[in-house]
Amino acid sequence: MPYPTLLFSAVLLLVAGCSVRTPSSTFDGMYSTTTGQRVIPGTGANTYRGYPDDRVLQFNFRTATCSFGQIKPPRKAAQEAKQVFAPGIVRVNDTLGIDEAEIPNREWLQYLLHQEQAGATTAPLLPLSSALPSPDYFSDPFYRYYPVVGISYEQAVAFCRWRSQVVTSSFNQNNAKPADTLSADYVRFTFRLPTEAEWELAALVERGLPYGTTCTELPIVVNPSAAAYLKKRSGSPTDAAQITADIKQYNQHKPLRSWINYRQPEPHFLKLLAPGYVYQGPPNDHGLYQLLGNAAEMVQERGITKGGSYLEPLEACTIKARGTYSGPAPQIGFRCVCEVSYPNRK
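Residue numbers -21 to -1, 1 to 325, in mature numbering (1 follows the signal peptide of the UniProt record, and there is no 0), belong to the letters of the sequence shown in order.
In structure tokens, the structure reads:
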């Protein structure tokens, strides 16, 4: 499964959990990847006819000369059967789950629509326009599955709080035996920003390796059909026909590229004007995408980011490296951790 989740109905499990593809701007799905709820019309879900994000770059760790890993952490079957997982969450250990990917623009748009339906004013919830990588970054469906950036610490915390309420309510209402708030079967989902230590745990800090693996570069094939997509993503002035030819020539050299989106030497068509697709692979051994590079991620410790970003050198993307911020920025996003509890059980 591309994104392990606990889903609230058999239909939702069938639609999302058994998909053979990760979500993309052209393969949106009917359900939210962060709440499991049906998508509210208004984000143009499943109507965008651009190029699929997940077919642009193909990393091949199986032909790499180094060992990338891809070994899942051990799981105890008896405990696994009893555990509850929330939408979008991947288990890191017996007590902690974390988002498979950075929160994308699409999920932030759904958040705004939910708030609007509840009668809230959404203007204060919008990303800061002056802190976006490009003016259309939040509004253009091309960037639907790129990380939401240009938001404040307080906005990220508010999203986590809202997500906790929505997922808790949905799960308890749609469970086989609906549970009221006083029932022993009532389940509470608490989403929040990870602590720095939790984030490092998800990034495999225990291995003692700067990037969680010795394999930082992998064989890559760029899809020539994605020339127009890459022209927009890179801001290249070169026309799409020439980019197609350049991609074919690039692929002939059997290139290696870092799977981490950092400020690296790139051909013109691979340069990044913004953080990239949140499900760009491969994931780490926990199954987490873009934990290093791409968007620097806010943690619970205010003013601290982890993972580095597309604007920074590789050294800033190590597991132990720290970034700082004082407000919304074009390279800073977040993901949530989730704790599941039964508050009425002694």
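C-beta atoms are modelled at their ideal positions from N, C-alpha and C, and glycine is treated no differently.
- In this structure, the beta-carbon distance from P307 to P106 falls below 8 angstroms.
- In the DSSP annotation of this structure, the continuous segment of the beta strand (DSSP E) that includes L235 starts and ends at L235 to S237.
- P322 has its alpha-carbon roughly 46 angstroms from the corresponding atom of Y30.
- In the assembly as shown, A97 is an exposed residue. Its beta-carbon has fewer than 16 other beta-carbons within 10 Å.
- Distance check between A181 and each of F117, Y229, K285 and L88 places K285 closest, using alpha-carbon atoms only.
- Just measuring C-alpha positions, the residue of Y122, A206 and E175 sitting nearest T5 is Y122.
- By the criterion of a C-beta distance shorter than 6 angstroms, N39 is surrounded in its chain by P198, once the five residues flanking it on both sides are discounted.
- With contacts defined by Cβ atoms closer than 8 angstroms, Y256 and G287 do not form a contacting pair.
- Taking the Cα positions, H232 is about 45 angstroms away from R17.
- DSSP places D32 in the helix class (H, G or I) of the three-state scheme.
- G272 sits buried, since 16 or more C-beta atoms from the chains shown fall within 10 Å of its C-beta.
- Going by beta carbons, T169 and C317 fall inside the 8 angstroms limit.
- Scanning G214, F248 and K211 for the CA closest to the CA of K227 turns up F248.
- Within the DSSP secondary-structure output, N240 pairs in a beta bridge with G272.
- Rounded to whole angstroms, the separation of the alpha carbons of T223 and Y116 is 24 angstroms.
- A residue is called buried once 16 or more other Cβ atoms fall within 10 Å of its Cβ, and R140, having fewer, is exposed.
- Taken through DSSP and simplified to helix, strand or coil, C315 comes out as coil.
- According to the DSSP secondary-structure assignment, I283 is paired through a beta bridge with T303.
- The Cβ atoms of E79 and L293 lie no closer than 8 angstroms to each other.
- About 7 angstroms separates the beta carbons of T14 and S149, which is inside the 8 angstroms limit, making them a contact pair.
- Judged by their CB atoms, V145 and V319 are not nearer to each other than the 8 angstroms cut-off.
- DSSP, reduced to helix, strand and coil, places T160 outside both helices and strands of the structure shown, so it counts as coil.
- Residue burial annotation: S143 is buried, with at least 16 other C-beta atoms found within 10 angstroms of its C-beta.
- At least 8 angstroms separates the beta-carbon of E95 from that of S11.
- Listed in chain order, the non-local C-beta contacts of P262 below 7 angstroms within the same chain comprise Y268, local neighbours out to five positions each way being set aside.
- For V69, the enclosing beta strand (DSSP E) covers residues I68 to R70.
- Pairing E177 with L183, the inter-Cα distance amounts to about 10 angstroms.
- Look at E196 here: in three-state DSSP terms it is strand.
- In this structure, E280 keeps its C-beta atom at 8 angstroms or more from the C-beta atom of G312.
- Measuring C-alpha to C-alpha distances from S237 to each of E196, A65, R186 and E291 identifies E196 as the nearest.
- In terms of CA proximity to S215, E245 leads the group D33, Y27, I130 and E245.
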